[in-house]
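A.B. asks: Oh and the sequence shown: position 633 is 633 in my numbering, straight run, nothing missing.
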Amino acid sequence: MYVLFDDAGRFHAGRLMSEAEASMQVELDSGKRVKVKAANVMLRFEKPAPAELMAQAQALAPEIDLDLAWEFAPDAEFGFADLARDYFEASAGPEKQAAALFRLFEAPHYFRRLGRGQFRKAPEETVKAALLAIERKKQIAAQIEAWAVELAEGRCPPPVREQLYRILFKPDKNGAEYKAVVAAAQRAKRAPLDLLKAAGAIDSPYQFHWRRFLFEQFPQGTGFPKLAAPAIREPLPRAEVQAFSIDDSATTEIDDALSVRGLGSGTVVFGIHIAAPGLAFGPDSEIDRVARERLSTVYMPGWKITMLPDEVVQAYTLTEGRDCPALSFYATVDEATLEVKSCETRIESVPIAANLRHDRLDGVITEASLEGSEPAAYPFAPELAFAFRFARALKLGREAVRGKPETFNRPDYHFSLEVHEGHEGEPRGDESVVIGTRRRGAPLDLIVAEAMILANSRWGGWLAECGVPAIYRSQGSLAPGVKVRMGTKPAPHAGMGVAQYTWATSPLRRYVDLVNQWQIIACARHGRTAALAAPFKPKDALLFSVISAFDSAYGAYNDFQHGIERYWTLRWLEQNGVAELEAAVMAGGLVRAETLPLVFRVPGAENLARGSLVRARIEAVDLLTLDLHASLAARIEAAAPAAAVDESDEEEVEASGPLTLAIDVSDAAGDAVA
1 MYVLFDDAGR FHAGRLMSEA EASMQVELDS GKRVKVKAAN VMLRFEKPAP
51 AELMAQAQAL APEIDLDLAW EFAPDAEFGF ADLARDYFEA SAGPEKQAAA
101 LFRLFEAPHY FRRLGRGQFR KAPEETVKAA LLAIERKKQI AAQIEAWAVE
151 LAEGRCPPPV REQLYRILFK PDKNGAEYKA VVAAAQRAKR APLDLLKAAG
201 AIDSPYQFHW RRFLFEQFPQ GTGFPKLAAP AIREPLPRAE VQAFSIDDSA
251 TTEIDDALSV RGLGSGTVVF GIHIAAPGLA FGPDSEIDRV ARERLSTVYM
301 PGWKITMLPD EVVQAYTLTE GRDCPALSFY ATVDEATLEV KSCETRIESV
351 PIAANLRHDR LDGVITEASL EGSEPAAYPF APELAFAFRF ARALKLGREA
401 VRGKPETFNR PDYHFSLEVH EGHEGEPRGD ESVVIGTRRR GAPLDLIVAE
451 AMILANSRWG GWLAECGVPA IYRSQGSLAP GVKVRMGTKP APHAGMGVAQ
501 YTWATSPLRR YVDLVNQWQI IACARHGRTA ALAAPFKPKD ALLFSVISAF
551 DSAYGAYNDF QHGIERYWTL RWLEQNGVAE LEAAVMAGGL VRAETLPLVF
601 RVPGAENLAR GSLVRARIEA VDLLTLDLHA SLAARIEAAA PAAAVDESDE
651 EEVEASGPLT LAIDVSDAAG DAVA
């Protein structure tokens with residue numbers, strides 16, 4: 001005696017060895033004996049042999065016409081053997097009964113499984129819907145196959161091109177376009193990015209990086225809704241200062257300006273004036289919702305995406321020749337010792353006398369001219385000379401708290417693009433690029449940086465004294481790997497060397513600064529009772545959501561800026577035919593170019609001491625993956641025993657690896673289409 005039984009949806013046949021009330025022992029053709037529940041036995045038969053029965057039934061099952069079987073089947077519950085006798089013949093043997101079982105079991109859209117070999121035919125509407133779905137699945141499978149063939153042959157179907165960034169970075173793994181790329185990559189034995197590039201899906205490496213960023217961060221586009229900049233209705237006292245800003249020529253969002261009064265009197269009032277859009281609109285206003293969605297201005301060579309629309313920026317930016325609403329921080333300073341005696345914050349209208357541009361003045365405003373050893377023939381020379389002395393004193397004070405001086409040995413790099421004649425708007429990626437340098441800690445930079453650190457740290461302490469929550473930046477120590485964190489409570493910032501630190505001096509460019517400005521305005525208006533009037537209260541959930549959203553967006557914006565600057569650096573190498581670069585060894589085979597903002601891997605540099613100088617031979621540049629392939633040409637100089645390490649090295653990561661894609665060629669292209 002033989003039996004056919006069901007084992008978790010799979011059918012087996014074997015010789016019946018013994019039988020109990022609820023189970024039996026069955027020997028399979030392999031010789032293995034298994035215990036089978038009596039309820040799982042579908043069929044008992046004397047002949048043919050189990051293997052022969054299974055083979056005959058499996059060959060016969062596909063010949064059963066499901067539409068005809070559905071017509072034959074009764075409306076009530078029935079068994080597979082009953083259907084076999086109705087469909088084939090009254091004397092249908094075990095082979096045909098088994099074939100009916102297999103066919104019924106694999107067609108749940110026609111017949112519902114009730115267990116123990118019993119079935120019930122599905123309603124007609126269900127069958128029709130299922131057949132439509134099956135047909136649609138076949139059509140999609142055929143479309144996937146056709147697209148995969150095109151891709152493998154070097155042609156990109158338009159639907160795949162339209163879904164390029166979604167396929168690579170945020171794929172719907174049930175999508176036909178995604179499955180086609182996976183199937184083509186497997187067929188052609190090529191990486192998806194390489195396959196798509198060869199098929200013409202990527203016209204320009206620059207546009208690929210730019211459009212990918214827009215897809216991920218600005219899926220609705222970069223345009224603004226039509227917004228009017230509200231006027232500041234409260235009367236503001238006019239400050240008795242002549243303020244000046246210091247920015248580069250491309251800056252349109254002028255957030256900050258400085259003033260100096262009382263030179264020669266022994267007591268100097270040093271003013272830091274911050275643009276005050278927070279006086280014009282508040283949280284949850286229409287403009288706020290736009291700013292909260294953007295969170296920051298995005299910077300890149302030759303272009304930027306502003307946090308606020310230009311008409312709003314121009315209403316509050318600190319433009320020379322006009323009185324501008326401002327949140328002013330005044331430090332009263334001993335002119336001789338440069339000690340800060342007292343601080344005050346005011347809401348006022350500030351006359352902006354000049355917008356100084358450091359890219360035009362860096363060669364003129366030098367340390368020698370500020371210290372008086374050279375003539376100072378530029379505007380605000382006495383004020384700038386004091387500001388420079390004061391900035392150096394502030395820096396020394398912070399370094400004393402830090403326990404060591406700041407070390408920034410490398411220059412700042414800036415990029416300028418030679419725009420094609422008649423072309424306006426965002427770069428195309430084929431422009432010529434010029435890479436220039438500015439010494440870190442140049443006098444004008446130092447003046448602005450120390451002034452902003454002073455305002456941000458003192459305002460942070462004042463907010464805490466008033467019991468008003470704010471968004472702070474803190475760093476527990478200077479140990480490698482200890483990152484800056486954002487939170488709502490004041491804490492020391494070891495990197496800055498201050499007791500607490502906020503961001504509040506760029507409200508036109510960063511949303512965190514705008515939030516903090518609203519809180520500072522409440523303190524300026526209400527003092528110790530500001531906690532009751534401030535827009536954000538202690539433990540306000542919105543503050544935490546702002547921190548989370550800002551951290552994510554700001555990190556993504558910075559990553560994009562670094563990536564696109566890497567693109568222009570690699571393009572500069574190509575434009576100038578550079579064959580070799582001198583570089584300093586970092587760690588793990590990474591080196592940093594001596595004269596470019598470029599970190600890359602050089603095989604053979606892994607065992608060299610950090611700081612060693614090498615000459616790297618450029619083998620290839622890939623603008624799509626941002627890879628620089630190089631080899632070690634020569635070792636120039638060993639590392640100095642006590643070589644200073646630039647602090648920014650701790651923030652550098654390798655950006656030379658291939659793009660990280662979300663597409664996985666190990667996915668099966670034939671998975672079910674949802």
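Even glycine gets a Cβ: it sits at the ideal position worked out from N, Cα and C.
Among Asn-576, Ile-453, Phe-270, Gly-221, which one has its Cα closest to the Cα of Glu-383?
C.D. replies: As a first step, residue 383 must be located in the sequence shown, where it is residue number 383. Put simply, of Asn-576, Ile-453, Phe-270, Gly-221 the residue whose alpha carbon is nearest the alpha carbon of Glu-383 is Phe-270.
A.B. asks: Could you give the C-beta distance for Val-181 and Leu-227, rounded to a whole number, given that I count them as a contact under 8 Å?
C.D. replies: Here residue 181 refers to the residue found at position 181 when the sequence shown is read from its first residue. Here residue 227 refers to the residue found at position 227 when the sequence shown is read from its first residue. About 40 Å; that fails the 8 Å criterion.
A.B. asks: Give me the Cα-Cα distance between Asn-516 and Leu-196, rounded to the nearest whole angstrom.
C.D. replies: Start at 1 with the first residue of the sequence shown, and residue 516 comes out as number 516. Start at 1 with the first residue of the sequence shown, and residue 196 comes out as number 196. Approximately 46 Å between the Cα atoms of the pair.
A.B. asks: Would DSSP call Met-42 helix, strand or coil?
C.D. replies: Translated into the one-based positions of the sequence shown, residue 42 becomes position 42. Met-42: strand per DSSP, three-state reduction.
A.B. asks: For Thr-529, count the other beta carbons within 10 Å of its own beta carbon; 16 or more makes it buried, fewer makes it exposed. Which is it?
C.D. replies: Along the sequence shown, read from residue 1 onward, the residue named residue 529 stands at position 529. That one is exposed.
A.B. asks: Classify His-420 as buried or exposed, calling it buried when 16 or more other Cβ atoms lie within 10 Å of its own Cβ.
C.D. replies: Residue 420 sits at position 420 when you count from the first residue of the sequence shown. By the 16-neighbour rule on beta-carbons within 10 angstroms, His-420 is exposed.
A.B. asks: With DSSP collapsed to three states, give me the class of Ser-506.
C.D. replies: Along the sequence shown, one-based indexing puts residue 506 at 506. If DSSP states are grouped into helix, strand and coil, Ser-506 belongs with coil.
A.B. asks: Within the continuous beta strand (DSSP E) that includes Cys-324, where are the two ends?
C.D. replies: Residue mapping note: residue 324 aligns to position 324 of the sequence shown, counting from 1. Note, Cys-324: beta strand (DSSP E), 323-334.
A.B. asks: Please identify the residue among Ser-477, Leu-508, Ser-506 whose C-alpha is closest to the C-alpha of Val-498.
C.D. replies: Taking the sequence shown and counting its residues from 1, the one referred to as residue 498 is at position 498. Of the listed residues, the one whose Cα sits closest to Val-498 is Ser-477.
A.B. asks: Within 8 Å (strictly less), CB to CB, does Ala-198 reach chain B?
C.D. replies: You won't find chain B in this structure, because it holds only one protein chain.
A.B. asks: Under a Cβ-count criterion, where at least 16 other Cβ atoms within 10 Å of its own Cβ denotes burial, should Glu-424 be classed as buried or exposed?
C.D. replies: Position 424 of the sequence shown holds residue 424. Looking at its Cβ environment, which holds fewer than 16 other Cβ atoms inside 10 Å, Glu-424 is exposed.
A.B. asks: Beta carbon of Leu-613, beta carbon of Ala-579: below 8 Å?
C.D. replies: As a first step, residue 613 is located in the sequence shown; it is residue number 613 there, counting from the start. As a first step, residue 579 is located in the sequence shown; it is residue number 579 there, counting from the start. No; because the gap between Cβ atoms is not below 8 Å, this pair is not in contact.
A.B. asks: What separation, rounded to the nearest whole angstrom, lies between the Cα atoms of Trp-568 and Ala-8?
C.D. replies: Residue 568 sits at position 568 when you count from the first residue of the sequence shown. Residue 8 sits at position 8 when you count from the first residue of the sequence shown. Rounded to whole angstroms, the separation of the alpha carbons of Ala-8 and Trp-568 is 60 Å.
A.B. asks: Asp-75: which of Glu-19, Leu-83, Arg-120, Ala-198 sits nearest, CA to CA?
C.D. replies: Translated into positions along the sequence shown, residue 75 becomes position 75. Comparing Cα positions, the closest option is Arg-120.
A.B. asks: What runs of the beta strand (DSSP E), each 3 residues or longer, lie entirely inside the region 181-263?
C.D. replies: 243-247, 256-261
A.B. asks: Whose C-beta lies closer than 6 Å to the C-beta of Leu-60 among residues of the same chain, with five residues either side of it excluded?
C.D. replies: Taking the first residue of the sequence shown as 1, we reach residue 60 at position 60. Excluding sequence neighbours, Leu-60 sits near Ala-99.
A.B. asks: With distance defined between alpha-carbon atoms, name the residue in Phe-169, Arg-438, Ala-146 nearest to Pro-159.
C.D. replies: On the sequence shown, residue 159 is found 159 positions in, with the first residue counted as 1. Of the candidates Phe-169, Arg-438, Ala-146, the one whose C-alpha sits nearest the C-alpha of Pro-159 is Ala-146.
A.B. asks: Under 8 Å, do Ala-522 and Ala-534 count as touching if we go by C-beta distance?
C.D. replies: Counted from its first residue, the sequence shown places residue 522 at position 522. Counted from its first residue, the sequence shown places residue 534 at position 534. Cβ distance < 8 Å, so Ala-522 and Ala-534 count as in contact.
A.B. asks: Pick helix, strand or coil for Ala-376, following the three-state DSSP scheme.
C.D. replies: Counting from 1 along the sequence shown, the entry for residue 376 is found at position 376. Looking at Ala-376 - three-state DSSP - the assignment turns out to be coil, as it is neither helix nor strand.
A.B. asks: What residues are listed by DSSP as bridge partners for Pro-490?
C.D. replies: Taking the sequence shown and counting its residues from 1, one reaches residue 490 at position 490. In the DSSP output, where bridge partners are listed per residue, Pro-490 has none listed.
A.B. asks: Using only CA atoms, which one of Glu-46, Leu-4, Thr-319 lies nearest to Val-26?
C.D. replies: What you label residue 26 is simply residue 26 of the sequence shown in a count that begins at 1. When only C-alpha atoms are compared, the closest one is Leu-4.
A.B. asks: Just to confirm the assignment: which complete beta strand (DSSP E) runs, minimum length 3, are found wholly within the region 420-470?
C.D. replies: 432-438
A.B. asks: Does the region 45-55 come into contact with the region 94-109, if we say contact requires no fewer than three beta-carbon pairs (one atom in each stretch) closer than 8 Å?
C.D. replies: The region 45-55 makes contact with the region 94-109; the number of CB pairs closer than 8 Å reaches 3 or more.
A.B. asks: According to DSSP, simplified to helix, strand and coil, what is Leu-628?
C.D. replies: Here residue 628 corresponds to residue number 628 of the sequence shown, with the count starting at 1. If DSSP states are grouped into helix, strand and coil, Leu-628 belongs with the strands.
A.B. asks: Out of curiosity, what's the CA-to-CA distance linking Ala-491 and Ala-354?
C.D. replies: Here residue 491 refers to the residue found at position 491 when the sequence shown is read from its first residue. Here residue 354 refers to the residue found at position 354 when the sequence shown is read from its first residue. A straight-line Cα-Cα distance of about 36 Å links Ala-491 and Ala-354.
A.B. asks: Looking at the structure shown, is Gln-475 part of a helix, part of a strand, or coil, going by DSSP?
C.D. replies: As a working note, residue 475 is residue 475 in the sequence shown. Here Gln-475 sits in strand by DSSP.
A.B. asks: Grouping DSSP H, G and I as helix and E and B as strand, with all else coil, what is Pro-351?
C.D. replies: Residue 351 sits at position 351 when you count from the first residue of the sequence shown. The answer is strand: DSSP assigns Pro-351 an E or B state.
A.B. asks: Return yes when the Cβ of Pro-283 is within less than 8 Å of the Cβ of Asp-323, no when it is not.
C.D. replies: If you number the sequence shown from 1, residue 323 lands on position 323. If you number the sequence shown from 1, residue 283 lands on position 283. For Asp-323 and Pro-283, no; Cβs fall outside 8 Å.
A.B. asks: Nearest-angstrom Cα distance between Glu-293 and Ala-276?
C.D. replies: Taking the sequence shown and counting its residues from 1, the one referred to as residue 293 is at position 293. Taking the sequence shown and counting its residues from 1, the one referred to as residue 276 is at position 276. Their backbone Cα atoms lie some 20 Å apart in a straight line.
A.B. asks: Which word fits Gly-321, buried or exposed, when buried means at least 16 other C-beta atoms lie within 10 angstroms of its C-beta?
C.D. replies: Translated into positions along the sequence shown, residue 321 becomes position 321. Counting the other CB atoms within 10 Å of its CB gives Gly-321 a total below 16, which places it among the exposed residues.
A.B. asks: If you draw a straight line from the alpha carbon of Leu-624 to that of Tyr-206, how long is it in whole angstroms?
C.D. replies: As a first step, residue 624 must be located in the sequence shown, where it is residue number 624. As a first step, residue 206 must be located in the sequence shown, where it is residue number 206. A direct Cα-to-Cα measurement between Leu-624 and Tyr-206 gives close to 8 Å.
A.B. asks: Excluding the 5 residues preceding and the 5 following Leu-676 in the sequence, name in chain order all residues of the same chain whose CB lies nearer than 6 Å to its CB.
C.D. replies: The structure shown has nothing for residue 676, since the chain only spans 1 to 674.
A.B. asks: If you draw a straight line from the alpha carbon of Ile-64 to that of Ala-122, how long is it in whole angstroms?
C.D. replies: On the sequence shown, residue 64 is found 64 positions in, with the first residue counted as 1. On the sequence shown, residue 122 is found 122 positions in, with the first residue counted as 1. If you take the alpha carbons of Ile-64 and Ala-122, they lie about 17 Å apart.
A.B. asks: Suppose the cutoff is 6 Å on Cβ atoms and the five residues either side in sequence are ignored; what does the same chain contact list for Cys-156 look like?
C.D. replies: As a first step, residue 156 must be located in the sequence shown, where it is residue number 156. Contacts found: Ala-199, Gly-200, Ala-201.
A.B. asks: His-12 to Val-34, Cα distance in whole Å?
C.D. replies: Locating residue 12 in the sequence shown gives position 12, where the first residue counts as 1. Locating residue 34 in the sequence shown gives position 34, where the first residue counts as 1. C-alpha of His-12 to C-alpha of Val-34: approximately 11 Å in a straight line.
A.B. asks: Going by DSSP, name the residue or residues bridged to Phe-600.
C.D. replies: Residue 600 sits at position 600 when you count from the first residue of the sequence shown. Under DSSP, Phe-600 forms a beta bridge with Val-591.
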